[in-house]
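So the sequence lines, in the order shown, correspond to chains A and B. Taking the working numbering, the leading residue of the first sequence gets 22, the next gets one more, and so forth. Taking the working numbering, the leading residue of the second sequence gets 3, the next gets one more, and so forth. Where a beta carbon is used, it is the ideal one built from N, C-alpha and C, also for glycine. To start, the structure itself, in structure tokens.
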Amino acid sequence: MSPPLPPRRKADPLALPRQALMPQGGRSRAALGLAAMAAQGRFALQICAACGAAQYPPRDVCHECLGTELPWRDVPTGAALLGETTVHLSGDTYFRVRTPWRTGLVALDCGPSAVAHVHPDVAPAGRARMSLRLDRSGQGVLLALPERDSPNMMDDPMIREMTCDPRGRRILVTDGRSAFGQEAARSLLAAGAAQVFLGIADGWKPFKGQDNLPGDAVQLDLTDATSVSELAAEFGGRIDIVVNTALHIRPGGPLDRRDLVSAREEMEVAYFGPLRLAQALGPTLRARAADGPYGACAWVNIHGIDALAPAPGFALTAAAQAAGLSLSQSLRTSLAPIRVLTAFVGPLEDEWHQAIPPPKVTPTALAAAIVRGLREGLEEITVGDIAMDVMRRWRDNPSTLARERAG
Amino acid sequence: MSRRAAYDGVVAAVPITIPYERYSIQTAHWWIGRALAETISRAGIRKRDIDGLCVSSFTLGPDTAVGLTQHLGMSPRWLDHIPMGGATGVVALRRAARAVQAGDADIVACVAGDTNGPDSFRALVAGFSRFAADATYPYGAAGPNGSFAILTDAYMRRYGATREDFGRICVAQRQNALSFPHALMKRKLTMEEYLAARMVSSPVALFDCVMPCAGAEAFLVMRDDTAASLGLASARVLSTIERHNAFPEDPIQLRGGWAQDMPELYAMAGITPAGIDLLQTYDDYPVIVMMQFEDLGFCAKGEGPDFVRSHDLTLAGDFPHNTSGGQLSVGQAGAAGGYLGMTEALRQITGAPLGPQVANARTALVSGFGMINYDRGLCSGAAILQAA
């Protein structure tokens, strides 16, 4: 059984913070597929289309039949631990300050043997449940877990390196004016967050829920450079996770509007706002990424699924969402080792989607998905039936999707 | 039965070891060049008499054997570059022997050399192979220490070996090293010290690990009449084997390719393990030594622990093994580590040891093992040599 997470301690102002180094991130193109699967929380390996043999390490050619079509498919998570080591001495700058570190060779139930990180609660020579995780470099790695969840399993330092559990962490939720922001704050507090800063723009303007705000309200308007830099100056060093709930999704296609006002506003909220916030908070977050078990760890951006292909009713918003998505993708490199979690959402249950039939995404559903994504250390979540439907079609064929969505 | 032709009329001679250094500011080219110069001078030939060249090195990049020919001003008519780590010595001998036998070359110089700087080993490990970079280095970055620790753990569980059993191998080799002039580790090692050593990657502790260093090794392969005319003591090549990625279906490596080819090794030589006077195994970690005792037929699978408990592995013992002290005590000079057993065996059976002579040493078995490409060593090889 893992010991429970130690309580959060006040930082020693004289101690030099541990530098936010990363494990080696270089991978072959095939091995990048591990990260793509880990990002979604899937345990998938390459399976030869011709002979069905599972491949590991990732390959370009099947080790059985020399087939070259090796699509990624979900595989059983069972495995047996064949041999193990606890590394006490490592020449690598990331690992040498994190030893002892347990690794081992497992025989996967789907066939291959694999070197994996091994959770302390896996019994020696015992059975394990495999998962694919993102390590601090953002690459996909295998983690062997005990077959059944053990007490404090998620408190182990190794798995905490690979996840972004809100428990004990201080979190900025950017838009407390909306039900989505308020619900996210409430859920994060319920998940054990030490503190939630809830950003409120234009505080003088009344809004729904203002009398019952979860967390600590702070002034924040992502569209205002001064507001963003003031927030960063005052709270930047105390934020471990950023959950950007600022959404500005408005109906309308290119010819439905007579000017660029609305389109600009959408870009302000979906693209310039998070960019501003990243510029203001990013360096501090990165610098605090190895700051003990409660170090800074994640950045959540929410994108309308229209970012993948515009739907006619919301075509201009889709452009801003696509810009925001592109920013999220580049932030993944710029903010590393801070995890960037993108949450794709379908139509929201709000006043701007009245003309859209259900199913729609409720504030509770979105908040729950974000908490789960952080706990599991994911990089990509898709929330709601519509978003999942669009995502499946996009994975199947993006060009077809664009035409389908165009109606 | 094997239809492989014998290595009639082919001999190996002039074993050279350039004394190792923990760190060197010189390049692999420099170390290889020194070994070649020493070989030529010891053989009493001219550089242009060497018409075949076989090179192994991890730190020669971006050059290969090709670039070396120009760097060293040589014009060989036969050239090979063998990237097989600990199996290079045996494989170089095999390749060179056939080249000489077929007349493709008259005198082949086989040489391995590497330099070593303070960060060389970590850098080598980090980029060792595609599978290692993708699927082992990111897991604790312990390099071969970690990989062999996992195999050692599995071997111990399966066959009941203890750390003390591995200690017997390391302590005996250190004993041998005390009289080998070029060994980097010259302090006597006791079992107590071995067992109390700092854990590196459990169950592998400090004295289970080799010390990376710079150095070079070389030998010549030629016809027996050439050796005779040059007045060189030499050894005949009785048999050799080589195997890569053996037993891929084994979920974890508890045996090496020798287990697959051992019958042919002895059949071709016309002897049994009892006819071997001294054994040089590849010893980057003691677990792999124990596997070689088993897979080369000196004891049955799983009996390695009993074997080391009941034999004296020192120079003067009943089972002389890694008589120079092996890499565990002499140091691991990169690819030259794959030659160390070959040059030492040649010295012993031609009566020219650098330290004490193993009594009545006429026939030697040299074994090689190399390249933890991912979770296991892929290359294995062995050769039986006999004083000409």
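Does DSSP classify A/E251 as helix, strand or coil? helix
How many angstroms separate the CA atom of A/A100 from the CA atom of A/G112? 29 Å
Within 8 Å, do at least three Cβ pairs link the region 411-427 of chain A to the region 89-99 of chain B? no
Determine contact between the region 318-329 of chain A and the region 360-370 of chain A, defined as no fewer than three beta-carbon pairs at a distance below 8 Å. yes
Residues within the region 188-204 of chain B neighbouring chain A, beta-carbon criterion of under 8 Å: R200, M201, V202, S203 and S204
Does the Cβ-Cβ distance between B/I20 and B/S58 come in under 8 Å? no
If we count the other Cβ atoms within 10 Å of its Cβ and call it buried at 16 or more, is A/M151 buried or exposed? buried
Taking all protein chains shown into account, decide if B/L315 is buried (16 or more other Cβ within 10 angstroms of its Cβ) or exposed. buried
When Cβ atoms are compared, which residues of the region 130-142 of chain B fall closer than 8 Å to chain A? R132, F133, A135, D136, A137, T138, Y139, P140, Y141 and G142
Does B/I254 get closer than 8 Å to chain A when you measure Cβ to Cβ? yes
List the residues of chain B that A/P122 touches, going by C-beta distances under 7 Å, in chain order. In the sequence as displayed, the identity of residue 122 of chain A is Trp instead of Pro. Residues of chain B passing the Cβ test: G142.
Between the CA atoms of A/T383 and A/R148 - distance to the nearest angstrom: 39 Å
Evaluate A/P333 with the Cβ neighbour count: other Cβ atoms within 10 Å of its Cβ, from every protein chain shown; 16 or more gives buried, anything less gives exposed. exposed
C-alpha distance - B/G277 paired with A/L155, whole-angstrom precision: 55 Å
Within 10 angstroms of its Cβ, does A/Q40 collect 16 or more other Cβ (buried), or is it exposed? exposed
Which two residues bound the contiguous beta strand (DSSP E) that contains A/T124? W122 to L129
8 Å contact criterion, which A/S269 and A/V282 should meet: CB distance rounded: The question names Ser, but residue 269 of chain A is His in the sequence shown. The Cβ separation is near 12 Å, so there is no contact.
Using beta-carbon positions only, say whether B/S77 and B/W260 come within less than 8 Å of one another. no
Please report whether the beta-carbon of A/E105 lies at a distance below 8 Å from any beta-carbon of chain B. yes
Could you please give me the residues that DSSP links to B/Q388 through a beta bridge? B/R238 and B/T365
If we define contact as Cβ-Cβ less than 8 Å, is B/Y161 a contact residue for chain A? no
Say whether the region 109-123 of chain B touches the region 67-75 of chain A, bearing in mind that this needs 3 or more beta-carbon pairs closer than 8 Å, one atom from each stretch. no
Out of A/G47, A/P44 and A/D130, which one is the CA nearest neighbour of B/P253? A/D130
Distance, B/D286 Cα to A/I359 Cα: 39 Å
What did DSSP end up calling A/S77 once you bin it into helix, strand or coil? It should be pointed out that residue 77 of chain A corresponds to Tyr in this sequence rather than to Ser. Here A/Y77 sits in coil by DSSP.
Would B/R124 pass as an interface residue toward chain A - the criterion being a Cβ-Cβ separation below 8 Å? yes
Taking the alpha-carbon positions, what's the A/L42 to B/Q359 distance? 52 Å
Are the CB atoms of A/T195 and A/A253 nearer to each other than 8 Å? no
Select from the region 47-65 of chain A all residues with a C-beta closer than 7 Å to any C-beta belonging to chain B, and list them in chain order. G47, R48, S49 and A52
With distances taken from CA atoms, which of A/L87, A/L26 and A/P295 is nearest A/L243? A/P295
Who are the near neighbours of B/T61 in its chain, counting only those whose CB is closer than 7 Å to its CB and skipping five residues on each side? A30, D116, T117, S122 and G336
At the 8 Å Cβ level, is B/A107 part of the contact set with chain A, yes or no? no
Quick one, which residues of the region 371-382 of chain B are near chain A if we go by CB-CB under 8 Å, in chain order? Y376 and D377
Interface residues of chain B facing A/S134 [CB-CB closer than 7 Å]: P253, I254 and D377
Output needed for B/N362: all residues of its chain with C-beta closer than 7 Å, excluding positions within five of it in sequence on either side, in chain order. D279
For A/M174, which of helix, strand or coil comes out of DSSP? helix
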